[in-house]
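The opening residue of the sequence shown carries number -5 in the working numbering; numbering runs sequentially from there. Where a beta carbon is used, it is the ideal one built from N, C-alpha and C, also for glycine. This one's a predicted model, so the numbers in the text were calculated from it and none came from an experiment. Structure first, then comments.
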Amino acid sequence: MPFANLKVPRGTLTPESKKKLIDAVTDAYADVYGERARASTLVLVEEVADGGWGLGGTVLTADLLGRS
């Protein structure tokens, strides 16, 4: 079963944009593995809380990224 775990900043996606992202990832797997993979492709979109991740040892926040 193809599996994608996407982590995004909490509150940055609408339900419609989540659906679009899930569809795009599912389409990509189907393009690579064939249509037989579509029905078993699992896409998990996890929303990460502000300050819940880091890059290069720096905790990323909306303020730091200019998204507040």
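Under the three-state reduction of DSSP output, Thr55 falls in the coil class, being neither helix nor strand. Assignment of Leu36 by DSSP, reduced to helix, strand and coil, places it in the strand class.
In this structure the region 4 to 15 lies against the region 41 to 54, because at least three pairs of beta carbons, one per stretch, are closer than 8 Å. In this structure, Leu0 lies away from Val26, with their beta-carbon atoms at least 7 Å apart.
The Cβ atoms of Leu54 and Gly48 lie closer than 7 Å to each other.
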